[in-house]
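What follows is one structure encoded as structure tokens, with my remarks underneath.
Numbering (the working numbering), first residue to last: 20 to 193.
Right, here's the structure in full:
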């Protein structure tokens, strides 16, 4: 019995010291792992932040470039028929959109949906305007009809998408 007590005198304090050391070491290693994870996130953010901001910039530019008034100025050439202008407008929108498809990776799903809707609504407006004209109509007739329809439209999906992109960019980066 006395040897058992002597053995416990050494064993119990050793076990307490071991448990304390284990606890402190585990606490330290958990904190270090947390710091490492935070540093990795910060490093990734340093890389992705400019790319994400550039995505917002490119999509704002896309929306500005498919705005009917600016698009008509860029695409309309003297001597064009309404059919040729309509084709040129639709091709220009498709080209702009296709060029920026990858930007959806860097913005919210809602913002991308609004950009897609703005493109589709703009194409729809152009198609509707083109169908209202005869096949002999001039590009000027189509352009004026598009502008009239654009003015008559109460709400612009392009403006809504632009507002959302600007708000997201401000909230995410400033």
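We put the CB at the ideal spot given by N, CA and C, even for glycine. Predicted model, so just to flag it, every value in this text is computed and none were measured.
Cβ atoms of residue 104 and residue 162 come within 8 angstroms of each other, at about 7 angstroms.
With contact defined as three or more Cβ pairs closer than 8 angstroms, the segment 69 to 86 and the segment 117 to 129 are in contact. It is roughly 7 angstroms from the alpha-carbon of residue 88 to the alpha-carbon of residue 166.
Separation of residue 46 and residue 34 (C-alpha to C-alpha, rounded to the nearest whole angstrom) is 18 angstroms. Shown here for residue 177: same chain residues with a beta carbon closer than 6 angstroms to its own, the five before and five after excluded, namely 82, 86, 137 in chain order. The distance from the Cβ of residue 182 to that of residue 144 is about 19 angstroms, inconsistent with a contact at the 8 angstroms cut-off. In this structure, the alpha-carbon of residue 147 lies about 26 angstroms from that of residue 129. Only residues of its own chain outside the window of five on either side were considered, and among them 90, 94, 145 have a CB closer than 7 angstroms to the CB of residue 108, listed in chain order. In terms of Cβ geometry, residue 99 and residue 158 form a close pair [threshold 8 angstroms]. Secondary structure note for residue 190: its alpha helix (DSSP H) is the uninterrupted segment 176 to 192.
Here DSSP, grouped into helix, strand and coil, assigns residue 121 to helix.
Sorting 63, 29, 102, 38 by C-alpha distance to the C-alpha of residue 156 places 102 at the top.
Comparing alpha carbon positions, the residue from 134, 97, 125 closest to residue 115 is 134.
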